[in-house]
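Quick notes on the structure that follows.
In my numbering, the protein residues as written are 175 to 382.
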């Protein structure tokens, strides 16, 4: 038995052996399904046929769709597929570039951290060498800021200072040094401010 779509009243008959070549070929092939493009024996239009054998019964279903209609759906599916692939490709490219930018930023950050760590280690080493050099000097060393406050004090024997180093730091030299020496420092500072050149000051400081 063969069920055909499209069909006509003239084609609805039984008891006649199928002679249409494409249908006959499918019947003889024993395939479960097949597709074929051929002119319709009903209306002579080119159609895309799908043949399907119903398992367990001697029945074959044949459905024919005009080629233009079938191809329209195929083009629509192809367009949807291509559009989807393009969107996936664009999204993938965006994600890859974001990943590459992130990797580059991480590498730059690691390099910056490494450079900062190297500079810090170098500064610590230089400070340690300078501290060792200063500690080997037996003389007193005072460093003042622009306002005349102590920012650094070195004494090989701190017991000879009038006050502990912690109390001297941040104090103005007028509050720590003898008045005569403080006056000499004032004059030297004024001269340096006028000339813009370093000056030597020889002084004597009596320590208890």
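A virtual CB, placed ideally from N, CA and C, is assigned to each residue, including glycine.
In this structure, how does DSSP classify residue i when only helix, strand and coil are distinguished?
i           : result
residue 296 : helix
residue 346 : strand
residue 207 : strand
residue 375 : coil
residue 311 : coil
residue 336 : coil
residue 370 : coil
residue 267 : helix
residue 184 : Caution is warranted here: a pLDDT of 49 is assigned to residue 184, below 50, making its placement in the model unreliable, and no coordinate value can be reported.
Classify residue i: buried if its beta carbon has 16 or more other beta carbons within 10 angstroms, exposed otherwise.
i           : result
residue 377 : exposed
residue 223 : buried
residue 267 : exposed
residue 197 : buried
residue 278 : exposed
residue 238 : buried
residue 351 : buried
residue 366 : exposed
residue 315 : exposed
residue 236 : buried
Below 8 Å on the Cβ atoms is my guess for residue i versus residue j; work out the distance and round it to an integer in Å.
i           : j           : result
residue 375 : residue 358 : 6 Å
residue 328 : residue 308 : 5 Å
residue 220 : residue 211 : 7 Å
Near residue i, which residues of its chain fall below 7 Å by C-beta distance, leaving aside the five closest residues on each side in sequence?
i           : result
residue 318 : 324, 325 and 347
residue 312 : 330
Across which residues does DSSP place residue i in a beta bridge pair?
i           : result
residue 221 : 212 and 240
residue 233 : 228
residue 317 : 326
Note down, in chain order, each residue of its chain lying with its Cβ closer than 6 Å to the Cβ of residue i, except the 5 sequence neighbours on either side.
i           : result
residue 200 : 208 and 225
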